[in-house]
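Notes to accompany the following structure.
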Ligand code: K2U
Ligand code: ZN
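Residue numbers (my numbering): 9 to 180.
Below you can see the structure in the form of structure tokens.
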């Protein structure tokens with residue numbers, strides 16, 4: 009089923025998520041609902057805190073724009089930076105309102121260790137857009153949004169726009 013996506017400045021997006029202790033049917037159901045919600049957004053990734061669950065669980069499909077769907081579920085992912093710092097241009101986020109986009113520093117390659125839904129260990133290197141997506145999603149598990157990686161000036165300007173938007177929204 010489709011889940012509601014939590015949006016900034018909701019404090020749940022700033023929490024450090026807790027590890028998944030056991031892969032239960034409830035976790036499998038959540039992963040399925042997150043995957044459906046991601047495709048419907050549409051998106052290339054979705055982390056559990058974005059649907060209000062403070063768990064180290066994410067789904068992603070960086071290649072969705074190339075046609076066939078290949079959704080991945082990552083349980084308790086850990087990233088190790090490899091390569092050099094690159095600029096990920098004009099990142100957006102399903103939880104950051106006003107369709108705001110900004111350039112974000114990311115690692116060009118990362119080593120990913122995680123578990124999949126069957127409990128099978130994952131240990132692989134990612135590069136290119138897949139590396140960017142997994143960094144964006146793992147940031148969510150640590151309570152970090154791409155707007156936290158902008159310059160202070162850009163962030164101040166953005167926060168001003170959000171405050172105005174929220175006032176107008178609550179004013180009805
Ligand atoms: O986590 C999210 O909010 C989904 C993000 C993931 C993302 C990863 C890398 C770079 C930008 C965003 C997106 O909003 S999904 C929307 C989207 C779709 C296609 C290409 C880029 C972004
Ligand atoms: Zn995001």
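For each residue, glycine too, the CB sits at the ideal point set by N, CA and C.
The model shown is predicted, which means the values in this text are computed figures rather than measured ones.
- In summary, residue 104 is buried, with 16 or more beta-carbon neighbours lying within 10 Å of its beta-carbon over all protein chains present.
- Inclusion of residue 101 in the 6 Å shell around ligand 2 follows from its C-beta lying nearer than that to a non-hydrogen atom of the ligand.
- The bridge partners DSSP lists for residue 63 are 26.
- For residue 146, the CB stays at least 6 Å from every heavy atom of ligand 1.
- The DSSP-derived three-state label of residue 35 is helix.
- Proximity to residue 82 across 141, 90, 16 peaks at 141, based on C-alpha coordinates.
- Its Cα nearest to that of residue 26, the residue 85 stands out among 76, 79, 85.
- Along the length of the segment 45–90, whole beta strand (DSSP E) runs at least 3 residues long occupy 53–55, 65–68, reported in chain order.
- Put simply, the backbone Cα of residue 95 is about 12 Å away from that of residue 139.
- Taking residue 163 as the centre and dropping the five residues before and after it, the same chain places the C-beta of 155, 156 closer than 8 Å to its C-beta, in chain order.
- One thing to note: residue 73 has its Cβ no nearer than 7 Å to the Cβ of residue 14.
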